[in-house]
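Here is the structure we will look at.
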Amino acid sequence: MTTSAATKKKSTGISDRTSDIILVAICLIVLLIVAYPLYYVLVASFSDPYDVYAGKTFLLPSGFTLDGYKAVFAEKTIVSGFLNSVKYTVIGTIFSVAMLYITAYPLAQKDLPGRKFLSIFFLFTMYFGGGLVPTYLVVKQTHLVGSMWALFLPGGVGVGNMIIVRNYFQNSIPRDLIEASSIDGCSKLRTFISVVIPLSMPILAVMVVFSMVAYWNDWFTALIYLGGKGSPLPLVMRNILIRSSASASQAATISGGYAELNKLTELLKFCSMIVAAVPMLIVYPFVQKHFEKGFMAGAVKG
Numbered sequence: 000m001t002t003s004a005a006t007k008k009k010s011t012g013i014s015d016r017t018s019d020i021i022l023v024a025i026c027l028i029v030l031l032i033v034a035y036p037l038y039y040v041l042v043a044s045f046s047d048p049y050d051v052y053a054g055k056t057f058l059l060p061s062g063f064t065l066d067g068y069k070a071v072f073a074e075k076t077i078v079s080g081f082l083n084s085v086k087y088t089v090i091g092t093i094f095s096v097a098m099l100y101i102t103a104y105p106l107a108q109k110d111l112p113g114r115k116f117l118s119i120f121f122l123f124t125m126y127f128g129g130g131l132v133p134t135y136l137v138v139k140q141t142h143l144v145g146s147m148w149a150l151f152l153p154g155g156v157g158v159g160n161m162i163i164v165r166n167y168f169q170n171s172i173p174r175d176l177i178e179a180s181s182i183d184g185c186s187k188l189r190t191f192i193s194v195v196i197p198l199s200m201p202i203l204a205v206m207v208v209f210s211m212v213a214y215w216n217d218w219f220t221a222l223i224y225l226g227g228k229g230s231p232l233p234l235v236m237r238n239i240l241i242r243s244s245a246s247a248s249q250a251a252t253i254s255g256g257y258a259e260l261n262k263l264t265e266l267l268k269f270c271s272m273i274v275a276a277v278p279m280l281i282v283y284p285f286v287q288k289h290f291e292k293g294f295m296a297g298a299v300k301g
């Protein structure tokens, strides 16, 4: 029996090591698939565009140049666009997360009157929307066109995110704690602020990341509603690319002019991606731990 147990333990140990090696190999392959495109864009932003399209750029820059970044940061609108993006992202994230919490928490209470009807109402909006034109007319009639609040109010509650937060409240916050706080004399509002919010930091990190990425990358909403005033960084980068492409087209008849401007336009494409992505890449590692924990907990069906 002792020999059999030792043999079984040894075979199990070998099997575990094999599984670990396979899992590590799979993770490395996935990492390469996901990370290399971003790394390639980074390398290409420092390379000669013609070398990039000729396939000479792989791991290191080919024909090293900083012309793309010089052209990007030479634009006076870059700083204002960056500051606008920060402002919209901070305000929009706070607003969206607050709306998610005050919507999801009541729906997580099984004794809420009309809970089923309200849940169906929110779910209905996930599958049926008014579309761009009706939404624009509503925003226009409420005098929000040209205001930054047009970026936040029409989509204040993301129903998909609200369902994740609701499930987290149902599955990860013990009902006994809420009942105990009520017995100790806490009001529902005090319980929500002092008990529910501190215990829901993981899912809060998830929603903050989701909202930050959405608002930081959103240029179309600003294009529709702001009318060119207070443009965020992605919209500023888009305008720079459009102007550069137009200049290259106009210089097509000039000897050597088109080639240089077209080269600069290609560089701007890569540089604009890096400039727009870096802030989110810096923020994400600080919330990664809470992000993974909260997302898995909130994804469990209640």
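Mapping the sequence shown onto numbering that gives the first Met the number 0, position 227 (from 1) lands on 226, and the numbers just tick up by one.
C-beta: ideal position from N, C-alpha, C; glycine also.
| query | result |
| --- | --- |
| Go ahead and label THR102 buried or exposed: buried means 16 or more other beta carbons lie within 10 angstroms of its beta carbon, across all protein chains shown. | buried |
| Tell me the rounded alpha-carbon separation between ASP110 and GLN140. | 37 Å |
| With DSSP as the reference, label PHE269 as helix, strand or coil. | helix |
| Considering GLY67, what are the terminal residues of the alpha helix (DSSP H) in which it resides? | 66 to 73 |
| Looking at the secondary structure, which residues open and close the alpha helix (DSSP H) in which PRO173 lies? | First-last for PRO173: undefined, no H or E at that position. |
| Please determine if the stretch 230 to 239 and the stretch 70 to 87 are in contact, where contact requires at least 3 C-beta pairs separated by less than 8 Å. | yes |
| When burial is assigned at 16 or more other CB atoms within 10 Å of the CB, is ASP47 buried or exposed? | buried |
| Mind checking which residues open and close the alpha helix (DSSP H) that includes ILE192? | ILE192 -> no alpha helix (DSSP H), and no H or E assigned at all. |
| Using C-beta distances below 6 Å, list every residue in its chain close to THR220, excluding the 5 sequence neighbours before and after it, in chain order. | LEU150 |
| So for LYS300, helix, strand or coil by DSSP? | Here LYS300 scores only 48 on pLDDT, less than 50, and its place in the model is too uncertain to base an answer on. |
| For PHE57, which of ALA73, VAL71, LEU37 and ALA70 has the nearest alpha-carbon? | LEU37 |
| So is the beta-carbon of GLY113 under 6 Å away from any non-hydrogen atom of the ligand FAD? | For the structure depicted, the ligand FAD is absent and the ligand set is empty, with no information on it obtainable. |
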